[in-house]
Amino acid sequence: MKTAIFLNAIRNRSNLRFLYGLTEVYLEPYYITMEGTGKKVIYGRVKRTNEIRKFEYEKIANIRVLNNFRFSPIIPIIPQAS
1308 MKTAIFLNAI RNRSNLRFLY GLTEVYLEPY YITMEGTGKK VIYGRVKRTN
1358 EIRKFEYEKI ANIRVLNNFR FSPIIPIIPQ AS
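Take the sequence shown: its position 25, counting from 1, is numbered 1332 in the numbering used here, and each next residue is one higher.
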């Protein structure tokens, strides 16, 4: 069920609000993946920061999709040495 909510939010570029442990998080979701240990995780940018963070599915609760707020993904461009 979490995967469907996250995929829908990623496709529609909607922000998410959820509890991660006991902390409330506002997130711009980027992608979902499976770690080498077999745990599902979601990567995204925490609101009001430039940091991309990883969140484990098992610690996420009370997910809300914020349809009023849309975002454009920020993809950092790293210059390559020539």
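Yeah, the Cβ is synthetic: ideal placement off N, Cα and C, and Gly gets one too.
Proximity below 8 Å, CB of residue i to CB of residue j
i, j, result
"Y1333", "Y1350", "no"
"R1371", "R1324", "yes"
"T1340", "V1353", "no"
"K1361", "Y1327", "no"
For residue i, the first and last residue of its enclosing beta strand (DSSP E)
i, result
"K1361", "1359-1363"
Extent of the continuous alpha helix (DSSP H) run through residue i
i, result
"R1318", "1309-1319"
Buried or exposed (CB count within 10 angstroms, at least 16 for buried), residue i
i, result
"A1368", "exposed"
"N1375", "exposed"
"N1322", "buried"
"A1311", "exposed"
"E1335", "buried"
Output the residue ranges of the beta strand (DSSP E) runs that lie fully inside the segment 1327-1351 and measure 3 residues or longer, sorted by chain position. 1330-1341
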